[in-house]
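Quick notes on the structure that follows.
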Amino acid sequence: MRGMSDDLFDLAGKVAIVTGSSRGIGRAIATRYAQRGARVVISSRDAASCETVAQELRGAGGDAVAIAAHVGKRVQLEALVAQTVAHFGGIDILVANAAVNPYYGPLAGITDDAWDRIMNSNVRSTLWLANLAFPRMAERGGGAALFLSSIAGLSGTNVIGAYAVSKTALIGLARSLAVEWGPHGIRVNCIAPGIVKTDFARALWDNPEIAEPTIRRTALRRLADPDDIAGAAIYLAARAGAFVTGQTIVIDGGVTIDTGM
Ligand SMILES: NC(=O)c1ccc[n+]([C@@H]2O[C@H](COP(=O)([O-])OP(=O)(O)OC[C@H]3O[C@@H](n4cnc5c(N)ncnc54)[C@H](OP(=O)(O)O)[C@@H]3O)[C@@H](O)[C@H]2O)c1
C-alpha cells in the first residue's frame with residue numbers, strides 16, 4: 001500500500017480547477033477539495049474575490065491559487081489552463097461550475113443575444129474547457145471532470161427555459177465526452193442540484209411564494225446549502241468514483257422523485 005492512500009476520498013496532491021469558486025457551490029467544492037489535500041485553482045471574473053478565497057484556503061493550511069477568467073471568453077480559458085499548468089505542473093480535476101442566466105421568461109420572448117449568452121457561457125465554455133484541460137489530464141494518466149447541471153435540465157419550465165436547455169445539454173456533453181475520453185482515463189460526470197441557497201438562486205429561495213411550496217414538495221423539507229453539493233463532488237473526483245462516468249447525480253432533497261400523488 002506504500003505510496004497509495006487507503007482513503008477512497010483522498011485528493012492529496014491532485015490539481016483541481018474550479019470555475020465560479022469565489023462564491024456559492026463552487027466555493028464549497030473548492031474548500032472541501034482543499035481539505036482533502038487537493039491543490040485548487042480559485043477562478044471567477046473577479047480577481048480580488050478569488051484572491052480572498054485562495055488566501056482563506058491557504059490560511060487554513062490548504063494549497064490554492066487565484067486565476068481570474070470569464071468562462072464565456074475562450075482566450076481567458078486558455079490562460080486559465082496555461083497558468084494552472086505553469087503554477088501546479090498539470091491538471092487532474094476540472095469542475096465546470098460557473099454559469100449565467102440573464103433571462104427570466106417564456107422562450108417565446110427570448111432574444112438571440114440572451115440565448116447566445118446562455119449557450120456560450122454555460123455549454124460552449126464547458127466544451128472549450130474540456131478540450132483545453134483533457135489533454136493535460138491525459139498526459140498524467142487520466143483525471144475527472146464534473147459539470148454543474150441542474151434539475152431544471154431534467155424537466156420543462158415556463159420561466160427559465162433557455163437556462164434549462166443549457167443544463168440538459170451539459171448532461172449530454174458529459175456523456176459524449178465520457179465516451180470520447182474514457183480510453184484516456186478521464187471520467188466526466190454531472191451533478192444536478194435542486195435549489196441551493198446562493199446568490200444565483202436568491203430570486204427563488206428568498207421569495208416565500210416560491211420557496212415555501214418547493215420546500216413542501218421536497219421530501220427532506222428544506223432547500224440545499226452549498227455544502228450539500230460538495231460531498232458528491234469529492235466522490236466523483238476521487239478514487240471512490242473511479243468506475244463512474246457519463247452519469248448525472250441528482251442532489252435535490254427528493255423534490256424530483258415525489259409524484260405529488
Ligand atoms: N443555486 C442553485 O439553486 C443552483 C441549482 C442548480 C444548479 N446550479 C448551478 O450551480 C452552479 C453554481 O451556481 P451558484 O448557485 O453557486 O452561483 P453563485 O453563488 O452565484 O456563484 C457563481 C460563481 O460563478 C462566478 N461567475 C459568474 N459568471 C461567471 C463567468 N461568466 N465567468 C466566470 N465566473 C463566473 C461568480 O463570480 P463572479 O461573479 O465574480 O464572476 C461566482 O464565483 C451554476 O452552474 C448553476 O447553474 C445552481
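Residue numbers for the sequence shown follow full-length UniProt numbering, beginning at 1 and rising by one. Where is the CB? At the ideal position from N, CA and C, for every residue including glycine.
| Query | Result |
| --- | --- |
| Roughly how many angstroms separate the alpha carbons of Asn131 and Met261, rounded to a whole number? | 44 Å |
| Less than 8 Å between the C-beta atoms of Cys50 and Ala68, yes or no? | yes |
| Use the C-beta contact count for Thr126: other C-beta atoms within 10 angstroms, 16 or more gives buried, fewer gives exposed. | buried |
| What whole-angstrom Cβ distance do Leu177 and Val188 have, given they're in contact under 8 Å? | 4 Å |
| Note down the Cα distance separating Asp10 from Gly26, rounded to an integer number of angstroms. | 19 Å |
| For Asp46, collect the residues of the same chain with a Cβ closer than 7 Å to its Cβ; drop the 5 residues on either side in sequence, then sort them by chain order. | Ser22 and Ala68 |
| For Phe243 and Thr111, I'd like the C-alpha separation in whole angstroms. | 41 Å |
| May I ask you to list the residues that DSSP assigns as paired with Pro193? | Ile251 |
| Is Thr259 close to ligand 1? I mean its beta-carbon at under 7 Å from any heavy atom of the ligand. | no |
| Report the rounded CA-to-CA distance for Arg140 versus Lys14, giving the unit in angstroms. | 11 Å |
| Assuming Ala224 and Gly253 form a contact by the criterion Cβ under 8 Å, report the distance between their Cβ atoms to the nearest whole angstrom. | 6 Å |
| When we look at the beta-carbon of Asp227 and count the other beta-carbons within 10 Å, is it buried (16 or more) or exposed? | exposed |
| Does the distance between the C-beta of Ile25 and the nearest non-hydrogen atom of ligand 1 fall short of 7 Å? | yes |
| Could you give the residue range of the alpha helix (DSSP H) that holds Val53? | Ala47 to Gly59 |
| Using the C-alpha atoms, what's the distance from Val65 back to Arg117? | 28 Å |
| In chain order, what residues of the same chain lie with their CB nearer than 8 Å to the CB of Arg58, ignoring the 5 residues before and after it? | Ala64 |
| Just checking my contact of Ile29 with Ile229 at CB under 8 Å: how many whole Å lie between their CB atoms? | 7 Å |
| Given a cut-off of 8 Å on the beta-carbon distance, is the pair Ala79 and Leu148 in contact? | no |
| With a Cβ-Cβ cutoff of 8 Å, do Ile186 and Met119 count as a contact? | no |
| I need the straight-line Cα distance from Gly109 to Val159, nearest angstrom please. | 11 Å |
| May I ask you to check if the CB of His70 is nearer than 7 Å to at least one heavy atom of ligand 1? | yes |
| Alpha carbon to alpha carbon, what distance is there between Ala12 and Ser44? | 24 Å |
| Under a three-way DSSP split, which group does Gly246 fall into? | coil |
| So, under 8 Å CB-CB, Leu107 and Ile17 are touching, yes? Tell me the CB distance rounded to an integer number of Å. | Actually they are not in contact, since the Cβ atoms of Leu107 and Ile17 sit about 32 Å apart, beyond 8 Å. |
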